Amino acid sequence: MIKLSDISRTFQVGNEPVHALVGINEEIQQGEHVAIMGPSGSGKSTLLNILGCLDKPSTGSYRLDDQEVAELDEAALTMVRRHQIGFVFQFFHLVHRLSAAENVELPMIFAGQPRAERRRRVASALEAVGLTPRAEHLPDQLSGGERQRVALARATVMEPEILLADEPTGNLDSASGRVVLDLLDRMNDEGLTLIVVTHDLKVAHRADRILVLVDGRIERRVAGDQISEILAMLAEDDEA
Amino acid sequence: MTLADLFRFSLKGLTGHGLRTALSLLGVVIGVAAVLILTALGEGARRYVIDQFAGLGTNLLIVVPGKTETTGTVGAGGVPNDLTLQDAAALVRAIPEIQRVAPLTMGTEQVAFGERRRQVAILGTTYDYMLARQIEIAKGTFLPDEEMFRGSPVAVVGPKLAREIFAGEDPVGKIIRVGGWRMRVVGVLAWQGVKMGVDFDDLAMVPVSTAMQMFNRTSLFRILIQSSSHADLDMLRDKSRQLLTERHGEEDITVISQDALLTTFSGILAALTLALGAITAISLTVAGIGIMNVMLVSVSERTREVGLLKALGVGRRQILSVFLAEAALLSTLGGLIGLGVGWSAVAVLVRIYPAFPASTPNWAVAAALTVSMAVGITFGLLPARRASRLDPVAALAGR
Chain Y
416 MIKLSDISRT
426 FQVGNEPVHA
436 LVGINEEIQQ
446 GEHVAIMGPS
456 GSGKSTLLNI
466 LGCLDKPSTG
476 SYRLDDQEVA
486 ELDEAALTMV
496 RRHQIGFVFQ
506 FFHLVHRLSA
516 AENVELPMIF
526 AGQPRAERRR
536 RVASALEAVG
546 LTPRAEHLPD
556 QLSGGERQRV
566 ALARATVMEP
576 EILLADEPTG
586 NLDSASGRVV
596 LDLLDRMNDE
606 GLTLIVVTHD
616 LKVAHRADRI
626 LVLVDGRIER
636 RVAGDQISEI
646 LAMLAEDDEA
Chain S
211 MTLADLFRFS
221 LKGLTGHGLR
231 TALSLLGVVI
241 GVAAVLILTA
251 LGEGARRYVI
261 DQFAGLGTNL
271 LIVVPGKTET
281 TGTVGAGGVP
291 NDLTLQDAAA
301 LVRAIPEIQR
311 VAPLTMGTEQ
321 VAFGERRRQV
331 AILGTTYDYM
341 LARQIEIAKG
351 TFLPDEEMFR
361 GSPVAVVGPK
371 LAREIFAGED
381 PVGKIIRVGG
391 WRMRVVGVLA
401 WQGVKMGVDF
411 DDLAMVPVST
421 AMQMFNRTSL
431 FRILIQSSSH
441 ADLDMLRDKS
451 RQLLTERHGE
461 EDITVISQDA
471 LLTTFSGILA
481 ALTLALGAIT
491 AISLTVAGIG
501 IMNVMLVSVS
511 ERTREVGLLK
521 ALGVGRRQIL
531 SVFLAEAALL
541 STLGGLIGLG
551 VGWSAVAVLV
561 RIYPAFPAST
571 PNWAVAAALT
581 VSMAVGITFG
591 LLPARRASRL
601 DPVAALAGR
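If you're matching them up, the sequences are chains Y and S in order. Just so we're aligned, residue 416 is where the first sequence starts under our numbering, counting upward by one. Just so we're aligned, residue 211 is where the second sequence starts under our numbering, counting upward by one.
Structure follows, in structure tokens:
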């Protein structure tokens with residue numbers, strides 16, 4: 416379970432402090448599917464980075480499973496990222512010199528898992544995303560959708576509680592995007608907490624609820640099936 | 211993470227940019243090979259000199275006319291007294307520890323047999339010289355073992371001289387003319403090449419008193435003294451100097467110990483080898499800077515990968531060790547290849563010049579490998595630290 420209390424994040428850009436996040440309070444339950452939306456610069460990515468322990472809030476408390484994450488040191492944060500959190504990025508971030516299987520194996524190598532165990536879990540992770548026949552291909556030999564599925568297998572191979580996805584379909588055509596989203600949904604159904612940052616209403620539509628960020632604040636919380644409301648609101652913003 | 215996994219991952223990182231890896235390897239290879247080759251040359255020079263001395267016999271003292279020290283006292287006109295055959299004979303008589311004494315005189319003269327003539331060095335000495343200098347005879351005998359004042363009209367010729375003037379005939383027993391003197395050839399030396407600047411293949415040896423008459427000399431060129439044991443050398447040197455000083459009324463001779471000369475030369479050449487090694491070690495440092503450059507480029511090129519690794523829960527130390535392992539692999543691999551290249555080059559050199567005993571000293575091999583590895587790790591540290599300290603969010607964005 417995630418509990419954010421009064422989270423703020425301020426960057427220093429030149430002499431100007433920039434308030435990327437201001438007073439965020441939010442609870443996300445285990446197994447929930449949450450979409451974060453909002454215009455560019457609204458703080459979506461910053462929120463995702465803080466949730467993924469890649470960045471620390473300037474003030475406020477972030478409790479992950481009753482552990483105060485905001486106070487952890489670098490080494491402890493590394494362990495949280497390793498065991499509790501998986502990432503999927505818009506640009507896949509596969510290592511180009513490694514095959515699909517080796518990319519999936521990567522987090523387990525650094526976690527010090529034995530080889531036999533690694534092989535077994537790589538095989539099952541690749542199978543879960545339907546890429547078993549592509550295991551030995553290099554990323555350059557894979558289509559965009561396949562690359563994102565490799566990334567998905569890599570993000571989940573350590574069996575995290577939370578999967579953070581930053582525009583997971585942003586670089587995909589709609590057909591391969593749908594395959595990826597279906598996979599995300601299935602993993603969510605199996606109990607994985609899923610938090611997706613997206614511009615795409617079709618992506619957000621699948622979530623249990625949507626957080627709309629504007630200027631670093633949660634402007635609105637919407638249930639996923641109330642898409643029309645969001646549409647209207649965004650149109651309003653565009654006019655303003 | 212096991213060490214094997216670490217090195218496998220790092221190796222993949224290196225093969226990811228083959229040309230750059232190969233070029234920085236080349237720097238290390240050249241550095242290590244240079245250390246091996248140059249120290250082999252220095253060591254070869256040292257051994258060559260030692261071999262030259264060893265070929266001249268052991269436990270030897272050399273008496274040279276004249277004092278090599280500069281003195282301020284008023285001497286007897288500054289011209290040294292002659293170093294005579296009588297001096298040599300007196301040494302034998304007065305000092306029982308002396309095993310043998312070989313007086314030496316040198317000059318050049320024309321040696322002729324029939325129509326063939328050849329201008330060569332003439333070495334006047336005695337039978338004992340053969341024993342002291344370990345000279346081998348190919349045919350016939352050496353100069354007769356006779357009293358040193360008696361100059362028999364006999365000669366021993368070098369093999370090259372024999373080949374040139376006898377043209378295939380057996381020289382032993384033939385009469386040759388040395389200057390205006392008729393001499394019977396009693397022996398031919400074995401081939402032995404140039405030793406200490408004298409070509410022993412192309413000369414004639416005659417009894418010392420014959421040579422002194424031939425060249426109209428009263429002073430010897432050298433007296434060689436051989437001691438039966440190494441322990442007696444210092445004592446013999448003092449006694450010989452004392453005796454000759456008494457006979458001449460002043461100290462106008464110098465007694466050199468061959469071992470002292472050898473030690474000095476060997477020391478100088480060992481220092482030279484060390485200096486060569488140190489100079490080439492600088493090239494290894496340059497290679498290290500090459501490694502650092504490659505690693506810095508690699509880190510900045512792989513910024514996103516570092517960001518990804520951080521997101522996957524890879525710790526700072528692990529990222530540090532990945533890049534350090536790459537630098538270590540580069541330098542170790544370069545060092546090993548350089549070892550192969552250096553050894554091969556030295557082997558080829560020895561093949562081409564078998565007389566020159568080039569050989570890389572063990573310390574140079576150890577030093578080259580140690581320095582190349584240390585350099586790789588030292589220069590790899592800065593880029594690796596840079597990688598490990600990247601901010602994950604910025605790194606993922608490629609900043």
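Backbone N, C-alpha and C define an ideal beta-carbon position, used for all residues, glycine too. Predicted, not measured: the structure shown is a model, and the values here were computed from it.
Query	Result
DSSP state of S569 of chain S mapped onto helix, strand, coil	coil
Check whether V449 of chain Y and R624 of chain Y have beta carbons under 8 Å apart	yes
Closer than 8 Å to chain Y by CB, V524 of chain S	yes
Start and end residues, alpha helix (DSSP H) containing G458 of chain Y	Where G458 of chain Y is concerned, there is no enclosing alpha helix (DSSP H), given that its DSSP letter is neither H nor E.
Cutoff 7 Å; reference V284 of chain S; Cβ partners in own chain excluding five residues on either side	Annotation note: pLDDT 47 at V284 of chain S (below 50); position unreliable, no value reported.
Residues bridged to E431 of chain Y (per DSSP)	Y:V428
Beta-bridge partners of I492 of chain S, as assigned by DSSP	None, per the DSSP bridge assignment.
Boundaries (first-last residue) of the alpha helix (DSSP H) holding A521 of chain S	T513 to A521
Nearest neighbour of M340 of chain S, chosen from S:R387, S:I272 and S:G267 [CA to CA]	S:G267
Candidates Y:I577, Y:R478 and Y:F502, of which the one nearest E441 of chain Y by Cα	Y:R478
Sheet register partners of I477 of chain Y (DSSP bridge)	Contrary to the premise, residue 477 of chain Y reads as Tyr rather than Ile in this sequence. Bridge partners of Y477 of chain Y: Y:L419.
Close beta carbons around L371 of chain S, own chain, < 8 Å, minus the five adjacent residues each side	V321, R328, V330, D411, D412, L413 and A414
Stretch pair the region 247-257 of chain S + the region 582-596 of chain S: three plus CB contacts closer than 8 Å	no
Cutoff 8 Å: A490 of chain Y Cβ touching any chain S Cβ	yes
Residue span of the beta strand (DSSP E) that contains K349 of chain S, given as start and end	I347 to G350
Cα-Cα separation between P554 of chain Y and A515 of chain Y, rounded to whole angstroms	6 Å
Short-range partners of chain Y found in the region 498-527 of chain S, where Cβ spacing is below 8 Å	R514, E515, G517, L518, L519, K520, A521, L522, G523, V524, G525 and R526
Cβ-Cβ separation, L224 of chain S to L540 of chain S (assumed contact under 8 Å), whole Å	7 Å
Delimiting residues of the alpha helix (DSSP H) encompassing Q563 of chain Y	G559 to T571
Own chain partners of C468 of chain Y with C-beta closer than 7 Å, once the 5 adjacent residues on each side are dropped	V484, L492, V495, R496 and I500
Under 9 Å by beta carbon: chain S residues contacting G527 of chain Y	M211, T212 and D215
Span of the beta strand (DSSP E) around G409 of chain Y	The question about residue 409 of chain Y has no answer, for chain Y in this structure spans 416 to 655.
Three-state class that DSSP yields for I332 of chain S in the structure shown	strand
Outcome for L353 of chain S when other beta-carbon atoms lying within 10 angstroms are tallied against a minimum of 16	buried
CB contact check: V603 of chain S to chain Y, cutoff 8 Å	yes
Contact the region 229-239 of chain S vs the region 557-564 of chain S: 3+ CB pairs below 8 Å	no
Bounding residues of the alpha helix (DSSP H) (the contiguous stretch that carries A450 of chain Y)	Counting along the chain, A450 of chain Y falls outside any alpha helix (DSSP H), though it belongs to the beta strand (DSSP E) covering H448 to M452.
For M340 of chain S, the three-state DSSP class (helix, strand or coil)	helix
Strand pairing of T608 of chain Y, partner residues [DSSP]	Y:I577
Residue range of the alpha helix (DSSP H) that includes M424 of chain S	V418 to M424
Whole-angstrom distance between R257 of chain S and P567 of chain S, CA atom to CA atom	6 Å
Min CB distance G548 of chain S to chain Y below 8 Å	no
Three-state secondary structure (DSSP) of F475 of chain S	helix
Buried or exposed by the 16-neighbour rule on C-beta atoms within 10 Å, applied to I659 of chain Y	Within the shown structure, residues of chain Y are numbered from 416 to 655, placing residue 659 of chain Y beyond reach of any answer.
I247 of chain S and A555 of chain S closer than 8 Å at C-beta	yes
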